[in-house]
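K.L.:
One structure, as C-alpha cells, below. Some questions next.
In this note's numbering, the protein residues as written are 42 to 138.
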C-alpha cells in the first residue's frame with residue numbers, strides 16, 4: 042500500500058506537499074494485490090485493488106512549512122507544529138477606596 046500526504050492546492054517543488062489558502066491536508070492511498078495459484082489441472086489468479094482519499098482542514102496556527110509525515114508498521118503519522126501565540130501580560134490593578 043502506498044500513502045501520499047499532500048496539501049491540496051498549488052504544487053511546491055517536486056515533493057508531495059502542497060500549499061493552499063484553504064489550509065487542507067489531503068491523504069490518499071492505493072493498494073494492488075495479486076494472488077496466483079497453480080495446479081496440474083487449474084490456474085487461478087485473484088486481483089484486488091482499492092483507493093481512498095481523505096481531506097482535513099488545518100487550523101490557522103499550523104506551521105504549513107514544517108509539516109512532516111512518517112509511516113511505521115502501517116500507521117501514517119502526520120506532525121504539524123503550531124505557531125506560538127504570545128499570551129498577553131496580566132497586571133494587577135489596585136482599587137482605591
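Even glycine gets a Cβ: it sits at the ideal position worked out from N, Cα and C.
#1: For the stretch 81-93 against the stretch 119-126, do three or more pairs of beta-carbon atoms, one drawn from each stretch, fall closer than 8 Å, so that the two count as touching?
#2: Would you be able to state if there are at least three C-beta pairs under 8 Å between the stretch 87-101 and the stretch 110-118?
#3: Throw me the rounded Cβ distance for the residue 75 and residue 88 pair, which I believe falls under 8 Å.
#4: Using DSSP's beta-bridge definition, name the partner residues of residue 118.
#5: DSSP puts residue 96 in a beta bridge; with which residues?
#6: May I have the straight-line CA-CA distance separating residue 71 from residue 101, to the nearest angstrom?
P.N.:
Let me lay it out:
#1: As far as the Cβ criterion goes, the stretch 81-93 does not touch the stretch 119-126, which means the pair count is below three.
#2: Contact between the stretch 110-118 and the stretch 87-101 is absent, because fewer than three Cβ pairs lie under 8 Å.
#3: A Cβ-Cβ separation of about 5 Å places residue 75 in contact with residue 88 under the 8 Å criterion.
#4: Residue 118 pairs with 111.
#5: Residue 96 pairs with 67.
#6: Between residue 71 and residue 101, the C-alpha separation is close to 30 Å.
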